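Here the structure comes first, spelled out in structure tokens, and everything after it is commentary.
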């Protein structure tokens with residue numbers, strides 16, 4: 037019926053007809069069509085199965101065609117990533133060529149929006165990295181610290197199979213986790229000796245300072261809260277809120293472990309580097325006490341069995 041609907045427009049449309057889900061999948065594996073018109077029910081499955089699991093990865097618009105008008109099916113199709121949903125009727129098929137032209141225009145607008153969003157995301161990440169460099173310029177003794185914490189935190193997030201939104205949140209929060217130090221006197225950050233109680237109290241303010249700086253920015257993830265919590269400990273001994281266990285965001289628990297491992301294994305103004313084994317011993321001996329047990333297990337797996345190491349700056 038679809039083919040007959042386009043018979044009078046063959047000069048404008050090049051049709052490729054497939055009669056099963058398997059044949060359609062094979063065709064789409066080797067070709068990217070301008071648009072796919074597909075029955076809801078096929079002999080070997082449902083047309084909706086032609087869409088990727090992540091609708092943002094779709095390379096073509098798909099319009100589902102069904103014999104029955106059903107609001108629930110229509111909503112499900114659109115949520116799954118179908119561009120549109122139409123009910124078979126003589127009028128529908130008579131107007132199919134015009135419908136396809138309109139659908140293609142809509143798809144062009146969708147692609148344009150995707151490109152704009154990708155560009156905006158790139159600009160955001162570049163801005164985030166620039167802010168991270170500002171912190172390191174004030175504290176040269178910890179040069180590369182935020183990037184290394186970011187490397188490990190993102191590797192842990194990958195190993196834990198977090199979704200893309202959460203992984204992006206961890207990337208941004210980890211590379212900015214010390215941004216609150218912008219407001220801390222530089223002489224405290226690079227002091228070669230032990231901080232006195234007043235100085236340490238001032239240093240401990242940096243997570244809350246970061247939260248106040250970032251809380252009004254509409255990130256997709258709770259970046260300000262993640263950074264605010266990156267010095268919290270599972271037993272409640274951390275700061276600034278004395279939060280415990282699952283009251284601490286998972287993203288913050290991941291960054292906490294990454295931060296501790298990097299800090300212990302690297303040089304600091306008040307001591308030489310203690311090495312990666314000392315860092316791993318710290319998180320291992322305090323798993324379930326100071327640090328999230330599952331996060332620690334994943335971190336140890338990365339270093340011991342997955343070959344993780346901090347990239348050279």
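Numbering (the working numbering), first residue to last: 37 to 349.
No residue lacks a Cβ here, since even glycine has one placed at the ideal position from N, Cα and C.
Since the structure is predicted, the reported quantities are computational estimates derived from the model, not experimental observations.
For residue i, which residues in the same chain have their Cβ closer than 6 Å to its Cβ, ignoring the five residues on either side in sequence?
| i | result |
| --- | --- |
| residue 302 | 309 |
| residue 288 | 262, 265 and 266 |
| residue 257 | 205 |
| residue 260 | 247, 250 and 251 |
Which residue or residues does DSSP assign as beta-bridge partners of residue i?
| i | result |
| --- | --- |
| residue 128 | None, per the DSSP bridge assignment. |
| residue 304 | 307 |
| residue 72 | 98 |
How is the alpha helix (DSSP H) around residue i delimited, first residue to last?
| i | result |
| --- | --- |
| residue 338 | 329-341 |
| residue 194 | 181-195 |
| residue 57 | 57-66 |
| residue 250 | 242-250 |
| residue 200 | 200-211 |
| residue 235 | 233-239 |
| residue 321 | 312-321 |
| residue 220 | No alpha helix (DSSP H) contains residue 220, which DSSP labels as neither H nor E. |
| residue 263 | 259-264 |
Taking the C-alpha atoms as reference points, what is the distance between residue i and residue j?
| i | j | result |
| --- | --- | --- |
| residue 76 | residue 54 | 14 Å |
| residue 146 | residue 140 | 10 Å |
| residue 203 | residue 88 | 20 Å |
| residue 314 | residue 300 | 7 Å |
| residue 166 | residue 182 | 12 Å |
| residue 211 | residue 151 | 25 Å |
| residue 73 | residue 128 | 13 Å |
| residue 272 | residue 93 | 42 Å |
| residue 297 | residue 325 | 16 Å |
| residue 283 | residue 344 | 29 Å |
| residue 277 | residue 112 | 42 Å |
| residue 84 | residue 62 | 15 Å |
| residue 291 | residue 237 | 21 Å |
Among the options, which residue has its Cα nearest to the Cα of residue i?
| i | options | result |
| --- | --- | --- |
| residue 286 | 298, 274, 270 and 278 | 270 |
| residue 97 | 109, 124, 135 and 123 | 135 |
| residue 222 | 156, 175, 71 and 83 | 175 |
| residue 125 | 154, 101, 84 and 224 | 101 |
| residue 163 | 207, 84 and 121 | 207 |
| residue 312 | 338, 291, 59 and 62 | 338 |
| residue 106 | 121, 171, 116 and 99 | 121 |
| residue 185 | 209, 194 and 195 | 209 |
| residue 342 | 253, 170, 195 and 232 | 195 |
| residue 254 | 95, 108, 157 and 231 | 157 |
| residue 327 | 294, 347, 346 and 114 | 294 |
Tell me the residue span of the beta strand (DSSP E) that contains residue i.
| i | result |
| --- | --- |
| residue 102 | 98-102 |
| residue 122 | 120-123 |
Tell me which same chain residues have a C-beta within less than 7 Å of the C-beta of residue i, skipping the five on either side of it?
| i | result |
| --- | --- |
| residue 242 | 214, 216, 217 and 220 |
| residue 56 | 78, 79 and 80 |
Which same chain residues end up closer than 8 Å to residue i when comparing Cβ atoms and leaving out the 5 residues on each side of it in sequence?
| i | result |
| --- | --- |
| residue 227 | 235, 305 and 306 |
| residue 49 | 42, 133 and 136 |
| residue 240 | 267, 275 and 276 |
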